[in-house]
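Residues 241 to 352 (my numbering) are what the sequence shown spells out, left to right. Written out below as structure tokens is the structure these notes cover.
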Amino acid sequence: MPCVDTTQLLKGVLDLAVLAVLREGDGYGYDILRRLRAAGLQDVGDASVYGTLRRLFANGFLNTYVVPSDEGPHRKYYALNAAGRAELERNGKTWRGFASIMDDLLRDRGTA
């Protein structure tokens, strides 16, 4: 059994990952899920992404709008707003600092 549970890691960084995906362009729920998986986050779950979108919207980091569809129900799109871009910048700095520390800790220093 692996020591690191990737689902636990995802819980800690999913907000940041969703904000980063939306920086590249607006999207609806399934589109955002697909983009996260295409980026390498294969283990991310549907319910987690939808819950994250609702929470980010409720916290004022996203705007929403509806686009009619000829092939089914209307789609609710999510867009990063100014507060969301600021949150992405803040949390991105925190993540890069944390990742740098982890890289240093994991670096093989040739000692046993």
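Note that CB positions come from ideal geometry on N, CA and C, so glycine has one too. Since the structure is predicted, the reported quantities are computational estimates derived from the model, not experimental observations.
Please state if the CB of residue j and the CB of residue i are separated by a distance shorter than 8 Å.
i, j, result
"LEU296", "ILE272", "no"
"TYR318", "GLY267", "yes"
"LEU256", "TRP335", "yes"
Quick one: what does DSSP say residue i is sitting in, helix, strand or coil?
i, result
"VAL306", "strand"
"ALA319", "strand"
"ASN280", "According to the sequence as given, residue 280 is Gly; it is not Asn. Three-state DSSP puts GLY280 in coil, outside helix and strand."
"GLY285", "coil"
"GLY265", "coil"
"GLY312", "coil"
"ASN331", "helix"
"VAL336", "The identity of residue 336 in the sequence shown is Arg, whereas the question assumes Val. ARG336: helix per DSSP, three-state reduction."
With a threshold of 7 Å, establish whether the CB of residue i neighbours any heavy atom of the ligand ADP.
i, result
"ALA323", "Ligands are entirely absent from the displayed structure, and the ligand ADP is therefore not among its contents."
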